[in-house]
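Peer 1: Just remember that the numbering used here sits 3 ahead of the position in the sequence shown, which is counted from 1. Here's a structure for you.
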Amino acid sequence: LSADDRRARGLGHAETEALVRAALETQADFHQARRGHRKRAEEVLQRSRNELEELVRDRTAELVEINEKLRLEIAERKRAETAVRRANAYNRSLTEVSLDALVTIDPDGKILHIEKTVSPSTAGRDMVKKLGELNIAKR
């Protein structure tokens, strides 16, 4: 406070010093409290970061495990697809060299496939006629 302010308020030198000390103490207390709040906020923030890092580690471990299971599943499917392709190729090779007529019929008796070496020939038409005579659809 200026000398004019002190005179206007009717304060003496001792009273002014007491006010200044009180203001400085209040300011010091404020800064102390502010440092305390900041420290507590930093501690809370650090705990939150630690918890988040733990969650990330846990989730990453889960994802690594899931990815490994998926890799194994993909490898198994590829092996199964290869086995199916080989079986199909083997079956195809058998039908292609077969001297007998080969016909695929569904459970309802519907002809699904006649081996290509038979279908365009007269023998193929005769075979379809014979199958019709056997009344396969009613079996």
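From the three backbone atoms N, C-alpha and C, an ideal C-beta is built for every residue, glycine too. No experiment lies behind these values; they were computed from the predicted model shown.
Please name the residue or residues paired with Glu100 in a DSSP beta bridge.
Peer 2: Residue 100 sits at position 97 when you count from the first residue of the sequence shown. The sequence as given places Val at residue 100; Glu does not occur at that position. BP columns for Val100 are empty, so no partner.
Peer 1: Once you ignore the five residues that flank Ala140 on each side, which residues in its own chain have a CB closer than 6 Å to its CB?
Peer 2: By one-based count along the sequence shown, residue 140 stands at place 137. At Ala140 the pLDDT is 46, less than 50, meaning the model places this residue with poor confidence and gives no usable figure here.
Peer 1: Which residues does DSSP list as the beta-bridge partners of His34?
Peer 2: In the sequence shown, counting from the first residue as 1, residue 34 sits at position 31. Answer by DSSP bridge pairing: none, since His34 is not bridged.
Peer 1: Return the bridge partner residues of Thr107 from the DSSP annotation.
Peer 2: Taking the first residue of the sequence shown as position 1, residue 107 is located at position 104. Its beta-bridge partners are His116.
Peer 1: If you drop the 5 nearest sequence neighbours on each side, which residues of the same chain put their C-beta closer than 6 Å to that of Leu105?
Peer 2: Taking the sequence shown and counting its residues from 1, one reaches residue 105 at position 102. For Leu105, where only same-chain residues beyond five positions count, the Cβ hits under 6 Å are Thr98 and Glu118.
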